[in-house]
Each structure stands twice: as structure tokens, then as C-alpha cells.
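Q: I have a structure I would like to understand better, so I am pasting it below and will then ask my questions one at a time.
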Amino acid sequence: MTELRKFFGRIGYEFKNEDLALEALTHSSYANEAAARGAGMKCNERLEFFGDSILGILCSEYLFKNYPDMPEGGLTKTRASVVCEDTLAVMAAEIGLGSMLRLGHGEEHNGGRSNPSIIADAFEALLAAIYIDGGRAAAEAFLYPLLIPQIKKHAGKTTDYKSLLQQFIQKEPGERVEYELTGEEGPSHNKTFYVCVKYQNNVVGRGCGKSKRSAEQEAAHDALILFGELKDEESEA
1 MTELRKFFGR
11 IGYEFKNEDL
21 ALEALTHSSY
31 ANEAAARGAG
41 MKCNERLEFF
51 GDSILGILCS
61 EYLFKNYPDM
71 PEGGLTKTRA
81 SVVCEDTLAV
91 MAAEIGLGSM
101 LRLGHGEEHN
111 GGRSNPSIIA
121 DAFEALLAAI
131 YIDGGRAAAE
141 AFLYPLLIPQ
151 IKKHAGKTTD
161 YKSLLQQFIQ
171 KEPGERVEYE
181 LTGEEGPSHN
191 KTFYVCVKYQ
201 NNVVGRGCGK
211 SKRSAEQEAA
221 HDALILFGEL
231 KDEESEA
């Protein structure tokens with residue numbers, strides 16, 4: 001248990017229920033081998049399921065509160081960049097999570113301790129275990145020091161196409177663009193909005209989205225491609 005105590009020090013949280021921590025660190029391969037020997041043991045898959053939801057809401061809440069001018073599309077894109085296997089694996093590596101995992105012999109020999117999928121799943125399981133053991137405040141205290149640098153890193157890559165289009169148009173003094181709502185469909189709780197952007201009374205871009213703002217961003221993106229200021233592949237990056 002000495003190593004487990006050291007791990008608690010690294011993550012800045014002391015579990016009241018150490019069995020919960022061990023469950024979070026137990027891969028299914030280890031639990032299956034234990035079951036074959038007649039020893040019942042829980043793996044971390046259920047905790048991972050719960051942790052995925054906790055991570056999503058805490059990340060979304062942070063983005064919503066701290067990036068008030070970021071449109072819906074940017075919020076969604078940033079969250080997707082952070083709540084993903086690659087980023088979770090980076091955060092897991094920062095706390096040395098791989099070294100603490102309980103793996104079956106096969107996963108051990110196949111490099112499971114550095115497998116991004118395995119350590120990313122374990123990170124979500126650990127987050128859930130902390131949430132269950134210590135509540136939301138404990139989960140936030142553990143997660144945010146790891147999460148916020150990743151959010152800042154990926155949020156900087158989110159492009160405001162409306163601002164870029166405005167900057168391009170203003171190269172000609174007095175010129176401006178106008179956004180026009182051309183249609184909407186769907187029930188009130190799940191509408192899709194259609195927007196066009198006009199320059200000198202000509203439609204130069206069209207977009208759609210789940211909010212007027214995100215539809216305007218897409219229309220601006222479309223216009224920037226038309227004007228040669230943006231290539232199609234840039235929007236895929």
C-alpha cells in the first residue's frame with residue numbers, strides 16, 4: 001500500500017475508501033484473471049462510464065463560464081479536443097497513472113501501462129472514484145489543474161471566422177458584411193438555423209447550425225473560402 005499512498009500524494013487526494021481507488025486502477029484483464037482463480041474482483045469499466053459523464057460536464061461548465069464570447073461551435077470543438085483519448089492519456093501520464101494500473105499478464109506484456117486507450121479509460125475511472133469518495137469539490141480539485149492547461153492549449157486553436165471575415169472586408173474602408181437568417185427547422189428545443197452572409201448585396205457564404213451564432217460562423221467560413229482567404233482543408237484541421 002506504500003505505492004498507493006505515494007500515488008495519493010501525487011494526485012493530491014487521499015481516499016477514504018481505498019477499495020474504490022483500487023477498483024479504478026483495475027483493468028478488466030486483471031479482474032478476469034482473478035475470476036479464473038476464483039477471486040471475485042471489480043474492474044474499472046463501470047467507473048469509467050460514470051467518469052466520462054463527469055468529465056464532460058466539468059469541462060463544459062468551465063468552457064461556458066470562462067469563454068463567454070466563444071460561439072457554440074468553438075465550445076463544442078474545444079471540448080471534443082480535450083475530452084478525447086489522446087488528451088486524457090496526456091493527463092494520465094502527468095500523474096503516472098500507468099505505473100499504478102493492475103493489468104493482466106497479457107496486457108502487461110503488450111505494453112498496457114503506456115497504451116493510450118487503457119490509461120485514458122483509467123483516468124476517467126479515477127475521476128469517478130474521487131467524485132464518489134469525496135464529492136464534486138474533490139473531483140474538481142483533482143481535475144482542473146490537469147484539464148485547464150489542455151483547455152487553454154486547444155481553445156487557442158478555435159477560429160473565430162466572423163472576426164476573420166470582418167478583418168478581411170475592412171481592408172476596404174467603409175465595407176461591411178451582413179448576416180441574414182434564411183430559415184429554421186425542427187422543434188423549439190432542437191432547431192437548426194440557416195444563415196447567409198452578404199457582401200455588397202451578394203450572397204458570399206451560407207451556413208447552418210444549432211444556434212444562429214454557429215450558423216453565422218459557418219457562413220463566414222464559407223465566405224472566406226470564396227474570397228480565397230481560407231482553404232477547405234484548413235477547416236478540417
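For the sequence shown, the numbering used here assigns the number 1 to the initial residue and increments by one for each residue that follows. Where is the CB? At the ideal position from N, CA and C, for every residue including glycine.
Whose C-beta lies closer than 7 Å to the C-beta of residue 114 among residues of the same chain, with five residues either side of it excluded?
A: Here the set comprises 98.
Q: Locate the alpha helix (DSSP H) running through residue 185, then write down its first and last residues.
A: Unbroken run through residue 185 is the beta strand (DSSP E), 177 to 185; no alpha helix (DSSP H).
Q: My parser needs the alpha helix (DSSP H) runs of 4 or more residues fully inside the stretch 65 to 94; what are they?
A: You should have 72 to 82, 85 to 94.
Q: With a threshold of 6 Å on Cβ separation, who are the neighbours of residue 126 within its own chain once the five nearest residues in sequence on each side are excluded?
A: So the list reads 24, once near-sequence residues are dropped.
Q: Determine the direct distance from the alpha carbon of residue 123 to that of residue 48, and round the result to whole angstroms.
A: Their backbone Cα atoms lie some 8 Å apart in a straight line.
Q: Using only alpha-carbon positions, find the residue among 196, 62, 154, 177 that is nearest to residue 184.
A: Nearest of 196, 62, 154, 177 to residue 184, Cα basis: 196.
Q: Does the structure place the stretch 54 to 66 close enough to the stretch 35 to 43 that three or more beta carbon pairs sit under 8 Å?
A: Taking 8 Å as the limit for Cβ pairs, the verdict is that the stretch 54 to 66 does not touch the stretch 35 to 43.
Q: Taking just the CA atoms, how far does residue 152 sit from residue 3?
A: Using only the alpha carbons, I get a separation of about 32 Å.
Q: Of the residues 107, 174, 215, 191, which one's Cα is nearest the Cα of residue 199?
A: Residue 199 has its Cα closest to that of 174, out of 107, 174, 215, 191.
Q: Please name the residue, chosen from 220, 190, 26, that lies closest to residue 101 on a Cα-to-Cα basis.
A: Among 220, 190, 26, the Cα nearest to that of residue 101 belongs to 26.
Q: Where do the ends of the alpha helix (DSSP H) carrying residue 32 lie?
A: That run of the alpha helix (DSSP H) goes 28 to 36.
Q: Please determine, among 10, 17, 5, 6, the residue with the shortest C-alpha to C-alpha distance to residue 130.
A: If we check each option's Cα against that of residue 130, 17 comes out closest.
Q: Considering only residues of the same chain and omitting the five flanking positions on each side of residue 7, which have a CB-CB separation below 6 Å?
A: Taken in chain order, the residues that qualify are 100.
Q: Check for me: the beta strand (DSSP E) holding residue 199 runs from which residue to which?
A: First-last of the beta strand (DSSP E) with residue 199: 192 to 199.
Q: Which runs of the alpha helix (DSSP H) spanning at least 4 residues fall entirely within the stretch 106 to 151, listed in chain order?
A: Fully enclosed alpha helix (DSSP H) runs of 4 or longer: 116 to 134.
Q: Looking at the strands, I want to know which residues DSSP matches up with residue 202.
A: For residue 202, which the question treats as bridged, DSSP gives the partners 199.
Q: What are the start and end residues of the alpha helix (DSSP H) that includes residue 214?
A: Its alpha helix (DSSP H) spans residues 212 to 226.
Q: Within 10 Å of its beta-carbon, does residue 189 have 16 or more other beta-carbons around it, so buried, or fewer, so exposed?
A: Looking at its Cβ environment, which holds fewer than 16 other Cβ atoms inside 10 Å, residue 189 is exposed.
Q: Using a Cβ-Cβ cutoff of less than 6 Å, which residues in the same chain neighbour residue 87 once the five nearest sequence positions on both sides are dropped?
A: Taken in chain order, the residues that qualify are 150.
Q: Closest by CA to residue 119, which one among 141, 91, 145?
A: Closest by alpha carbon: 91.
Q: Identify which residue in 215, 211, 96 has its Cα closest to the Cα of residue 146.
A: When each option's Cα is compared against that of residue 146, the closest is 96.
Q: If contacts are defined as beta-carbon pairs under 8 Å, then residue 171 and residue 220 qualify, I think. What distance do you get, rounded to the angstrom?
A: About 15 Å separates the two Cβ atoms, so there is no contact after all.
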